[in-house]
Amino acid sequence: MAKASFCDPCTKANYQCQQQSIAPTVKSCAACVESHARFKAFTSHHVIDLSSIDLNIPVSAKNICNVHPDMLLDYYCTDRAVVTLKDEESIQFVNTTTTTKADIINVGFRCYGITAVHDRIYVGGANGIIKTIDTNGTILKTIQLRVGAIYFISYDDDQKQFFVRGHNKLQCIKLDGTLAYSKDVPDTAGVTRDKQGNIYYGGINNSNIQRISPDGENCKEMLKKRQWYKSTLWNVF
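Heads up: the sequence shown begins at 149 in my numbering, then just goes up one per residue.
This is the structure in structure tokens:
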């Protein structure tokens, strides 16, 4: 059976404790287990007492989402969407289960483009401003770019960078605000990425969809006007 030992969080904090548990593969004392359960991201975790299991039994963590069985488990699934209210300089949460409006957060500038990854929301808008906001509506960071308004925005969580569309511009911006590259592109329309990191953008007047390689070096026309609709304002994967 399991032998007593100090829990991992308390050991790192130089505290001593007596009771041990596992959640799902980390030793934790009773106080740490109680704290663990308060976080929304951990509510689905099953915590068991080490003294009740055989150490020879393998313990593994689930990595597939219960709600989306074809997806790897993320921090948590949510029933909230978020939209920009440009005239009110705000964003608004929407409950997608009840289809009702929720909290409105004033972001302090005229905002247009918005994207969300994990527990972070990224809002772009007038004067090249990008603000990072958590799911409670707290503004965590502001980036000021030397561009005009940002109308569309996509975030690459692997490389920690944004792809933003302004008027006749497509730019790749690092999370610290550094410009990775800039492309002259026609019109103002949406931008998105695929799982391989390729970037796609369209145009209102040219009616084409272009694909750019992850490093920004290669560009290829994917669909032409005769293959598509009259205009392409937005696209998504």
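All residues carry an ideal CB built from backbone N, CA and C; glycine is no exception. All of these numbers come straight from a predicted model, not from anything done at the bench.
| Query | Result |
| --- | --- |
| Assign Thr-245 to one of two classes, buried (16 or more other C-beta atoms within 10 Å of its C-beta) or exposed (fewer than that). | exposed |
| Return the bridge partner residues of Asn-346 from the DSSP annotation. | Per DSSP, none; premise fails for Asn-346. |
| Using the Cα positions of Asn-356 and Asp-342, report the straight-line distance between them to the nearest angstrom. | 17 Å |
| Ser-302 and Val-295: beta carbons closer than 9 Å? | no |
| Just how far apart, CA to CA, sit Arg-268 and Lys-279? | 10 Å |
| Count the other CB atoms within 10 Å of the CB of Tyr-329; is the residue buried (16 or more) or exposed (fewer)? | exposed |
| How would you write the range of the beta strand (DSSP E) that Thr-290 sits in, first residue to last? | 287 to 292 |
| Just curious, the beta strand (DSSP E) that Asp-332 is in, first and last residue? | 327 to 332 |
| Can you name the start and end residues of the beta strand (DSSP E) that Gln-240 belongs to? | 238 to 243 |
| Please report the distance separating the alpha-carbon of Tyr-260 from that of Tyr-348. | 19 Å |
| Alpha carbons only, please: which of Thr-290, Cys-320, His-315 is nearest the one belonging to Asp-304? | Cys-320 |
| Quick one: give me the first and last residue of the beta strand (DSSP E) that Ala-229 is part of. | 228 to 233 |
| Answer yes or no: do Ala-337 and Ile-352 have a C-beta to C-beta separation smaller than 9 Å? | yes |
| Identify every residue that forms a DSSP beta bridge with Gln-307. | BP columns for Gln-307 are empty, so no partner. |
| For Gly-314, which of Asp-332, Lys-322, Asp-324 has the nearest alpha-carbon? | Asp-332 |
| With a CB to CB cut of under 8 Å and the five nearest residues on each side skipped, what residues in its chain are close to Gln-309? | Tyr-303, Cys-320, Ile-321, Lys-322, Leu-323, Ala-328 |
| Looking at the strands, I want to know which residues DSSP matches up with Tyr-270. | Thr-263, Thr-280 |
| Rounded to the nearest angstrom, how far is the Cβ of Asp-251 from that of Phe-241, given a contact under 8 Å? | 5 Å |
| Just to confirm the assignment, what range does the beta strand (DSSP E) spanning Arg-359 have? | 357 to 360 |
| Cβ atoms of Gly-273 and Val-255: under 9 Å apart, would you say? | yes |
| Enumerate in chain order the residues of its own chain whose CB-to-CB distance from Lys-234 is below 8 Å, with the five nearest sequence positions on each side excluded. | Arg-258, Cys-259, Tyr-260, Gly-273 |
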